[in-house]
Every structure is written in C-alpha cells, then in structure tokens.
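In mature numbering (1 follows the signal peptide of the UniProt record, and there is no 0), the protein residues as written are -21 to -1, 1 to 141. The C-beta atom is built at its ideal place from N, Cα and C for all residues, glycine as well. All values derive from a computational prediction rather than experimental measurement. One structure is given below, encoded as structure tokens.
In structure tokens form, the structure reads like this:
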C-alpha cells in the first residue's frame, strides 16, 4: 500500500472515529497469585464521567472462588461479591482513586491465581488543557501528533473489529 493511500485510509478512519463518537480506551490485564489467608488491593485513578470496567476470573486454586470488593474514591463500598469464580462490572466514575480488592482470607490452605482486566473509557483530557498545550507546539511537531492521533484512531477501530 502506497504512502498516500495509507494516509488517506488513516484520515478516513480518524474521521469515522470522530463522527461516530468513539473514544480512546485503555485496556490493561494482570495475572497474580494470592496466597491463602491474604487480601490484595489495587488502585485506579479515574476522571469524572469516565467509564471503568473490571473483569476478573479465578484461573487456579481450590473451588476457583474469591471475594471481590470495589470502593469509591471516598471509601464507600460500591460492590461486594463473595466466593465468585468470575465477574464483570462497569461503572461511571468521579474524580479520584478507586480501590478494588481480591480477598482470599476465607481460605486457610489454597492459594488462588487471579486474572483481571481493566478497561478505561472516555479518558479524554479537558478541551482547555489540550488548547493550552497546543500553544507550545509548532511546525512539524503538530503534524506528527495529528498523524499519531489518526493512527491511534485506526488501531482503536481495528481493535473493535477484531
């Protein structure tokens, strides 16, 4: 594929992304072992009006079960699940650090292997912040960043298709 055709394709994808209202999302996954009798907690900083999706699954260990807790930035318990093998939860966020914990304190013998995935949507920065930042960027730097934005949009759509 020629350079001009690739740029045209990426520009079209970027336009579709903007027109359809797709937002950039961040997807991270982790696997860890939690010993018997332990509790492991993780934190995720979120912005107001973003979306946080947490998916987890017990991959190995006796009974394939775990307790799961999700706390708001203010420390309020948002969700509590006991002895579950998996779960998927989505919530609209406010500013602050969300805490989610996997609790294996009920088990005296069996460690558990836990897989979890975080999908963070609508993390776009404030428009004013972007405009202030653009005042310091000139020339080809700005062009490079626009091409990077187009590439990110294309990769986002490819991710949605596959």
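How far does the beta strand (DSSP E) with residue i in it reach, from first residue to last?
| i | result |
| --- | --- |
| residue 102 | Careful: residue 102 lies outside any beta strand (DSSP E) and carries neither H nor E. |
| residue 67 | 65 to 71 |
| residue 24 | 18 to 25 |
From the options, pick the residue whose C-alpha is nearest to that of residue i; which is it?
| i | options | result |
| --- | --- | --- |
| residue 76 | 132, 29, 87 | 29 |
| residue 85 | 44, 53, 8, 96 | 44 |
| residue 97 | 60, 33, 39 | 33 |
| residue 24 | 129, 53, 60 | 53 |
| residue 62 | 72, 68, 46 | 46 |
| residue 38 | 78, 22, 26, 64 | 64 |
| residue 35 | 26, 60, 17 | 60 |
| residue 40 | 27, 13, 134 | 13 |
| residue 102 | 127, 78, 17, 72 | 72 |
| residue 74 | 68, 7, 26, 127 | 26 |
| residue 17 | 58, 66, 80 | 80 |
If you drop the 5 nearest sequence neighbours on each side, which residues of the same chain put their C-beta closer than 8 Å to that of residue i?
| i | result |
| --- | --- |
| residue 11 | 19, 92, 93 |
Spatial neighbours of residue i within its chain, please: C-beta separation below 7 Å, excluding the five flanking residues on both sides.
| i | result |
| --- | --- |
| residue 15 | 83, 86, 87, 88, 89, 90 |
| residue 56 | 48, 50 |
| residue 9 | 95 |
What is the C-beta distance between residue i and residue j, in whole angstroms, given that I count them as a contact (C-beta under 8 Å)?
| i | j | result |
| --- | --- | --- |
| residue 5 | residue 99 | 4 Å |
On the DSSP bridge list, what partners appear for residue i?
| i | result |
| --- | --- |
| residue 91 | 13 |
| residue 47 | 60, 81 |
| residue 34 | 67, 96 |
| residue 41 | For residue 41, which the question treats as bridged, DSSP gives no partner whatsoever. |
| residue 75 | 25 |
| residue 8 | 96 |
Please go through the same chain and pick out, in chain order, the residues whose beta-carbon is closer than 6 Å to the beta-carbon of residue i, but skip the five residues on each side of it.
| i | result |
| --- | --- |
| residue 70 | 31 |
| residue 21 | 79 |
| residue 67 | 34 |
| residue 7 | 97 |
| residue -1 | Unreliable placement is indicated for residue -1, whose pLDDT of 47 sits below 50; the coordinate value is still reported in the next sentence. Closer than 6 Å at the Cβ level, and outside the excluded window around residue -1, lies no residue. |
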